[in-house]
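Just so you know, my numbering puts the end of the sequence shown at 182, numbered straight through with nothing missing.
We put the CB at the ideal spot given by N, CA and C, even for glycine.
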Amino acid sequence: MIKKLWSNLMVADVNKAIDFYMEVLGFQHVMSVPMGSEQVLFEYSPGLPLVYALIKHGEVEIMLQERKSLIENVPALGEVQDIRSSAVLYFEVDDVVALAVKLKQHCPVVRDLHDTFYGMKEIYVKDLNGYVLGFAQPQAR
Numbered sequence: 042m043i044k045k046l047w048s049n050l051m052v053a054d055v056n057k058a059i060d061f062y063m064e065v066l067g068f069q070h071v072m073s074v075p076m077g078s079e080q081v082l083f084e085y086s087p088g089l090p091l092v093y094a095l096i097k098h099g100e101v102e103i104m105l106q107e108r109k110s111l112i113e114n115v116p117a118l119g120e121v122q123d124i125r126s127s128a129v130l131y132f133e134v135d136d137v138v139a140l141a142v143k144l145k146q147h148c149p150v151v152r153d154l155h156d157t158f159y160g161m162k163e164i165y166v167k168d169l170n171g172y173v174l175g176f177a178q179p180q181a182r
């Protein structure tokens, strides 16, 4: 039985990715591993280069892993030329309009706020590694 799903994003710089997700989207650091170490840290030290991190916002958890480290764990990913994938991380949020204002200050907009036929108000942006992030709020019908 499947119990949980995490996204593990290949990133160029784990620290910069953590900073983006914490500052722009309000994620919290859960744990991380320093470069060249197998030590697990439960407090974030921005000046310490990291190879891996787990971040969380409510029930949403995302793993961030440096390219070389992730390829060592999953050698098949060595074929990946571009760290971005065709996957979209799609988040349901409470106030997509307010979040859109903040996102536009930090991210390139892929598709601006719009209403969908399936009852959602959405915006799509790219994070600092080029991953497409979708944010949606259910609309009253």
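Notebook entry, point to check: Taking C-alpha atoms, which residue in Leu-82, Ile-96, Lys-44, Leu-66 lies nearest to Phe-176?
Noted result: For the purposes of this step, residue 176 is taken as the residue at position 135 of the sequence shown. From the listed residues Leu-82, Ile-96, Lys-44, Leu-66, the smallest Cα separation to Phe-176 is found for Leu-66.
Check: Looking only at its own chain, which residues have a Cβ that is under 6 Å from the Cβ of Leu-105, when we skip the five neighbours before and after it?
Finding: Position 64 of the sequence shown, counted from the start, is the residue given in the question as residue 105. The beta carbon of Leu-105 sits closer than 6 Å to those of Leu-50, Val-52, Val-55, Ala-58, Ala-94, all from its chain and outside the five residues before and after it, given in chain order.
Margin query: With a threshold of 6 Å on Cβ separation, who are the neighbours of Pro-149 within its own chain once the five nearest residues in sequence on each side are excluded?
Written below: Sequence index remark: in the sequence shown, residue 149 carries index 108 (1-based). Within the same chain, and ignoring the five residues on either side of Pro-149 in sequence, the residues whose Cβ sits closer than 6 Å to its Cβ are Lys-167.
Notebook entry, point to check: Across which residues does DSSP place Gln-106 in a beta bridge pair?
Noted result: Taking the sequence shown and counting its residues from 1, the one referred to as residue 106 is at position 65. Gln-106 is bridged by DSSP to Met-51, Tyr-93.
Checklist line | Backbone secondary structure at Glu-64 - three-state DSSP | finding: To locate residue 64, count along the sequence shown from 1; it is residue 23. The answer is helix: DSSP assigns Glu-64 an H, G or I state.
Item checked: Nearest residue (CA-CA) to Val-41, options Tyr-85, Lys-109, Tyr-159, Pro-116 -> What the structure shows of the chain is the stretch from 42 to 182, and residue 41 is not part of that stretch, so it cannot be assessed.
Note to self: Considering only their Cβ atoms, is the gap separating Val-74 from Leu-91 smaller than 8 Å?
What the structure shows: Taking the sequence shown and counting its residues from 1, one reaches residue 91 at position 50. Taking the sequence shown and counting its residues from 1, one reaches residue 74 at position 33. Closer than 8 Å, so yes.
Note to self: Suppose you measure from the CA of Val-101 to the CA of Tyr-131; what does that come to, to the nearest Å?
What the structure shows: Sequence index remark: in the sequence shown, residue 101 carries index 60 (1-based). Sequence index remark: in the sequence shown, residue 131 carries index 90 (1-based). So the alpha carbons of these two residues sit roughly 11 Å apart.
Next item on the list: Let me know the secondary structure DSSP gives Val-115 once reduced to three states.
Entry: Taking the sequence shown and counting its residues from 1, the one referred to as residue 115 is at position 74. Val-115: coil per DSSP, three-state reduction.
Notebook entry, point to check: From Ser-78 to Met-42, what distance separates their C-alpha atoms?
Noted result: As a position in the sequence shown, residue 78 is number 37, starting the count at 1. As a position in the sequence shown, residue 42 is number 1, starting the count at 1. Cα to Cα, the separation comes out at about 33 Å.
Check: Do you know whose CA, among Leu-46, Val-173, Asp-60, Met-63, lies nearest Ile-124's CA?
Finding: Counting from 1 along the sequence shown, the entry for residue 124 is found at position 83. Of the residues Leu-46, Val-173, Asp-60, Met-63, the one whose Cα lies closest to the Cα of Ile-124 is Val-173.
Notebook entry, point to check: For Ile-59, does the three-state DSSP call read helix, strand or coil?
Noted result: Counting from 1 along the sequence shown, the entry for residue 59 is found at position 18. The answer is helix: DSSP assigns Ile-59 an H, G or I state.
Next item on the list: Could you tell me which residues DSSP pairs with Lys-145 in its beta bridges?
Entry: Locating residue 145 in the sequence shown gives position 104, where the first residue counts as 1. Partner(s): none; Lys-145 has no beta bridge.
Notebook entry, point to check: Once you ignore the five residues that flank His-147 on each side, which residues in its own chain have a CB closer than 6 Å to its CB?
Noted result: Counting from 1 along the sequence shown, the entry for residue 147 is found at position 106. Val-65.
Checklist line | Residues near Val-137 in its chain [Cβ-Cβ closer than 8 Å; skip 5 each side] | finding: The count along the sequence shown starts at 1 and reaches residue 137 at position 96. Hits under 8 Å: Leu-154, Lys-162, Glu-163, Ile-164, Phe-176, Ala-177, Gln-178.
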